[in-house]
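In what follows, a structure is listed as structure tokens, so that the remarks can point back to it.
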Amino acid sequence: MIKARIPAHNSHANLSGYVAARRSFKWSNAAAELGINSDAGVNIIAQSIDKWAARPDTAGQPAMIFHKGGHTDIYTFLQMRDISARWAGFFVKNGLEAGDCLMIFLPPCRAFFFAMAACARAGIVFCPVFASSGYSELESRLADIAPKAVLTDPGLVEMIPPERAAALKTLFLTTDAPGLYDNEIVVGDGPASLPADFSPRLVTPGTALYVVYTSGSTRPPKGIIHGHGDMVGIYASAKWVLDLKADDVLWTDADPAWVTGTVYAALAPWLCGVASVVSEAPAPSSAVNAYRTLEACRVTVWYTTPNTIRGLMEAGEDLPGRYNLDALRHIVTVGAPLMPDPFYWVRKHLGLSPHDNWWMSETGMICIANLPCLDIKPGAIGKPLPGIEAAVLDDSGWELPALSIGQLALKSGWPAMMVGLWGDRARYEGHFQNNWFLTGDIALQDEEGYFYHQGRLDDILKTRENRAIGPFEIEQALCGHPAVAEAAVIARGGDRDTGTSSIKAFVTLKPGNPASSRLNREIRMFLKAGVAPDIDVDEITFTEKLPRTRNGKLLRRVLRAWELGLPGGDAVSMED
Numbered sequence: 001m002i003k004a005r006i007p008a009h010n011s012h013a014n015l016s017g018y019v020a021a022r023r024s025f026k027w028s029n030a031a032a033e034l035g036i037n038s039d040a041g042v043n044i045i046a047q048s049i050d051k052w053a054a055r056p057d058t059a060g061q062p063a064m065i066f067h068k069g070g071h072t073d074i075y076t077f078l079q080m081r082d083i084s085a086r087w088a089g090f091f092v093k094n095g096l097e098a099g100d101c102l103m104i105f106l107p108p109c110r111a112f113f114f115a116m117a118a119c120a121r122a123g124i125v126f127c128p129v130f131a132s133s134g135y136s137e138l139e140s141r142l143a144d145i146a147p148k149a150v151l152t153d154p155g156l157v158e159m160i161p162p163e164r165a166a167a168l169k170t171l172f173l174t175t176d177a178p179g180l181y182d183n184e185i186v187v188g189d190g191p192a193s194l195p196a197d198f199s200p201r202l203v204t205p206g207t208a209l210y211v212v213y214t215s216g217s218t219r220p221p222k223g224i225i226h227g228h229g230d231m232v233g234i235y236a237s238a239k240w241v242l243d244l245k246a247d248d249v250l251w252t253d254a255d256p257a258w259v260t261g262t263v264y265a266a267l268a269p270w271l272c273g274v275a276s277v278v279s280e281a282p283a284p285s286s287a288v289n290a291y292r293t294l295e296a297c298r299v300t301v302w303y304t305t306p307n308t309i310r311g312l313m314e315a316g317e318d319l320p321g322r323y324n325l326d327a328l329r330h331i332v333t334v335g336a337p338l339m340p341d342p343f344y345w346v347r348k349h350l351g352l353s354p355h356d357n358w359w360m361s362e363t364g365m366i367c368i369a370n371l372p373c374l375d376i377k378p379g380a381i382g383k384p385l386p387g388i389e390a391a392v393l394d395d396s397g398w399e400l401p402a403l404s405i406g407q408l409a410l411k412s413g414w415p416a417m418m419v420g421l422w423g424d425r426a427r428y429e430g431h432f433q434n435n436w437f438l439t440g441d442i443a444l445q446d447e448e449g450y451f452y453h454q455g456r457l458d459d460i461l462k463t464r465e466n467r468a469i470g471p472f473e474i475e476q477a478l479c480g481h482p483a484v485a486e487a488a489v490i491a492r493g494g495d496r497d498t499g500t501s502s503i504k505a506f507v508t509l510k511p512g513n514p515a516s517s518r519l520n521r522e523i524r525m526f527l528k529a530g531v532a533p534d535i536d537v538d539e540i541t542f543t544e545k546l547p548r549t550r551n552g553k554l555l556r557r558v559l560r561a562w563e564l565g566l567p568g569g570d571a572v573s574m575e576d
């Protein structure tokens with residue numbers, strides 16, 4: 001823990017009285033601000049894009065700003081309403097119905113955002129997937145969620161396993177179809193010929209809006225379901241943490257397939273009525289692209305990652321001075337702990353204090369944050385938002401005193417909390433204990449209520465693109481090699497600044513396959529091709545057997561002990 005303290009930079013923020021707000025806040029107040037009537041149905045598009053498009057003073061305001069190569073395309077709220085209505089009509093015309101699932105497999109682009117808005121409008125559940133996903137990753141997602149359709153582009157369609165593509169009702173292509181499958185339909189200019197009169201389908205708050213996959217440690221990836229009722233928590237957190245105001249230009253530089261991009265590059269700015277910037281550049285997180293986007297789009301609020309900031313640092317101290325960044329007033333980070341070096345670098349070279357915060361796919365919204373109205377303690381993820389009760393629990397579920405390390409937990413019931421896991425109710429219920437949502441993260445809380453993130457309980461690994469991927473997925477891919485019998489993967493610390501994991505694999509070989517340096521390299525290349533290009537296994541160790549309990553549960557903690565040269569204990573006698 002760092003004892004330094006940075007005074008609050010904005011005592012006039014949207015949330016200015018933290019203590020009073022926590023004492024008096026009710027989620028019904030945020031719902032009322034959004035104009036939600038509890039007796040009527042809801043739809044996140046009705047309470048966001050359509051609301052602003054219906055007002056003469058905001059209909060012509062920018063909703064989306066797409067930036068690439070020095071050129072920007074601006075879409076107003078009125079245009080977004082019409083485009084999303086036409087796209088919704090196009091999807092329905094081509095066989096999708098309310099409750100169906102559409103997987104969106106695209107890089108960051110306008111089609112991605114048009115499709116998300118259209119699906120929400122029509123009651124179609126959308127499932128965003130990274131364009132960098134590998135063959136195995138795609139196959140597992142498609143097998144689990146069994147979408148009725150996939151939206152992709154000709155450059156990515158061949159990544160979809162042929163048997164999965166053929167089983168789809170429709171394979172939507174953004175542009176010319178390559179003619180690989182009979183179910184291909186080109187979107188192109190098709191929606192433009194349809195009327196813009198598709199009204200939002202009203203649903204209950206718990207009706208599924210989107211499904212995002214996050215990886216488990218010892219089990220297959222889980223599809224986290226979020227509902228239209230998330231809008232209440234998303235709206236409040238965007239106002240308080242991002243401090244969004246009517247004339248702001250927000251750039252959330254996350255891929256829309258990452259939950260941060262889904263929520264805070266699309267849903268949050270639409271709800272708050274502010275412009276959202278999307279970089280369509282090939283390398284959106286590069287230092288030069290970051291500075292150019294901030295300058296060209298006159299960004300006022302930047303939601304980024306410590307990894308991006310580290311890239312700015314590596315690019316040099318002279319670059320910031322070459323760009324006009326005077327519009328920028330607030331910087332927020334997420335994705336990995338914000339270490340002192342990047343924190344103070346931003347303060348020195350950009351003139352602002354970056355505000356770290358914490359949340360996860362399951363929470364659906366920022367839950368703990370360094371708010372603009374509060375002092376910052378570098379290294380801390382901040383304090384719980386009004387309406388959020390957080391605690392550090394021991395192994396028995398009891399609250400621990402200050403300065404004790406335990407599992408971070410949130411009292412269940414906030415409006416953006418996940419409403420389920422796709423096809424696995426029992427696994428969903430396992431996340432809760434005595435009305436606490438167990439995050440799986442390790443944390444401690446100081447005497448003033450600031451929380452400090454200390455890592456993960458379930459060994460989740462981070463890629464260079466801020467994607468979370470579980471050891472289970474990598475182990476499955478390793479076992480796909482014909483010489484591999486079993487495999488286990490652990491993180492070896494990695495880069496604490498960026499959150500990127502350093503990965504080591506332990507592999508047992510099938511009979512007739514002697515261990516060798518050549519086979520080691522071959523398996524590493526096989527893994528890289530089968531999982532994703534941004535996954536690197538730094539080392540593979542061949543072993544005769546893997547440590548397991550009597551019930552067969554893999555004991556990664558024993559592998560970590562081996563790695564540190566410590567005794568791992570008698571694995572066979574250990575209980576689950």
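Residues in the sequence shown are numbered from 1 upward in steps of one, following UniProt numbering.
From the three backbone atoms N, C-alpha and C, an ideal C-beta is built for every residue, glycine too.
- The stretch 144-151 makes no contact with the stretch 62-81, as fewer than three CB pairs between them are under 8 Å.
- Distance from Gly-351 to Asn-370 at the Cβ level is roughly 17 Å; contact not present, criterion being Cβ atoms closer than 8 Å.
- The three-state reading of DSSP puts Met-417 in coil, since its state is none of H, G, I, E or B.
- Per DSSP, reduced to three states, the secondary structure at Gln-476 is helical.
- In the DSSP assignment, Met-116 forms no beta bridge with any residue.
- Annotated three-state conformation of Gly-440 is strand, per DSSP.
- Residue range 484-491 is occupied by the beta strand (DSSP E) that includes Ala-491.
- Judged by DSSP secondary structure, Glu-429 falls within the alpha helix (DSSP H) whose first and last residues are 425-429.
- Contact check between the stretch 6-26 and the stretch 178-191: fewer than three CB pairs, one atom from each, fall below 8 Å, which does not count as touching.
- Gln-79 carries a helical assignment under DSSP once its states are collapsed to helix, strand and coil.
- Runs of the alpha helix (DSSP H) lying entirely within the stretch 20-96, each at least 4 residues long, are 27-33, 49-53, 77-93 in chain order.
- Under DSSP, Ile-366 shares a beta bridge with no residue.
- Excluding sequence positions up to five before and after Lys-411, its CB lies within less than 7 Å of the CB of Glu-389, Asn-435, Trp-436, all in the same chain and listed in chain order.
- Taking a 10 Å sphere around the C-beta of Glu-473, we find 16 or more other C-beta atoms and assign the residue as buried.
- Pairing Ser-132 with Ser-502, the inter-Cα distance amounts to about 19 Å.
- Counting every other CB atom within 10 Å of its CB across the protein chains shown gives Gly-229 a total of 16 or more, marking it as buried.
- Within the stretch 310-337, complete beta strand (DSSP E) segments of at least 3 residues are found at 330-333, given in chain order.
- Nearest to Ala-46 by alpha-carbon distance, out of Leu-328, Ile-74, Val-203, Ile-65, is Val-203.
- Here Ser-193 carries a helix assignment [DSSP, helix/strand/coil].
- Here the stretch 314-333 makes no contact with the stretch 223-237; the two share fewer than three CB pairs at distances below 8 Å.
- The C-beta distance from Ser-279 to Lys-68 rounds to 7 Å, short enough to meet the 8 Å contact threshold.
- Sixteen is the threshold: since fewer than 16 other Cβ atoms of the shown chains lie within 10 Å of the Cβ of Asn-37, the residue is exposed.
- Between Val-186 and the set Val-157, His-431, Arg-164, the nearest pair of CA atoms involves Val-157.
- Classified as buried, Ala-491 has 16 or more neighbouring CB atoms from the shown chains inside 10 Å of its CB.
- C-alpha of Leu-194 to C-alpha of Gly-123: approximately 18 Å in a straight line.
- Contact annotation: Gly-99 and Val-419 have beta-carbon atoms that are not nearer than 8 Å.
- In the structure shown, Asp-341 falls within a helical segment according to DSSP collapsed to helix, strand and coil.
- Note that the C-beta distance between Val-274 and Ala-246 is below 8 Å.
- With contacts defined as CB atoms closer than 8 Å, Ala-409 and Ala-391 qualify as a contacting pair.
- Rounded to whole angstroms, the Cβ separation of Phe-130 and Ala-265 is 14 Å, and the two are not in contact under 8 Å.
- Between the alpha carbons of Arg-310 and Asp-341 lies a distance of about 9 Å.
- In the DSSP assignment, Pro-269 falls within the alpha helix (DSSP H) that extends over 268-272.
- Here His-481 carries a coil assignment [DSSP, helix/strand/coil].
- Rounded to the nearest angstrom, the gap between the Cα atoms of Asp-253 and Tyr-303 is 7 Å.
- By the 16-neighbour rule on beta-carbons within 10 angstroms, Leu-244 is buried.
- Restricting attention to Met-313, Asp-375, Gly-364, the CA atom closest to the CA of His-349 is found in Met-313.
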